[in-house]
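Data first, discussion second: the structure below is written as structure tokens.
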Amino acid sequence: PAVTDGPFPEAKEFLAGYWIVDVDRPERAHEIAAKASAAPGLGGVPLIIPIEVRQVMDARLMDV
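For the sequence shown, position 59 (counting from the first letter as 1) is numbered 60 according to the numbering used here, and the numbering increases by one without interruption.
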């Protein structure tokens, strides 16, 4: 069988990570993601990288 590249970029082309932010509403998380996406990279050029925003918890639903 032939071996081909998968759907993911090679490690040298891709850096993954995550942030957990505590916000009151989803719109605020989107604002933070937009600023992070537009952060300057090498040479001061904005990165404009895709950022996925996911809800991981809702404190209002917790039994405290």
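Just so you know, even glycine gets a beta-carbon here, dropped at the ideal spot from N, CA and C. Being a predicted model, the structure only gives us computed values, none of them experimental.
When the five nearest sequence neighbours on each side are left out, no beta carbon in the same chain lies closer than 6 Å to the beta carbon of A60. P47 is bridged by DSSP to P41. The alpha-carbon of H31 is positioned some 10 Å away from that of S38. DSSP places I21 in the coil class of the three-state scheme, outside both helix and strand. Inter-segment contact for the region 44 to 53 and the region 22 to 29 is absent: fewer than three beta-carbon pairs are separated by less than 8 Å. Scanning its chain for C-beta atoms nearer than 7 Å, with the 5 sequence neighbours on each side dropped, one finds around V22 the residues A30 and I33, in chain order.
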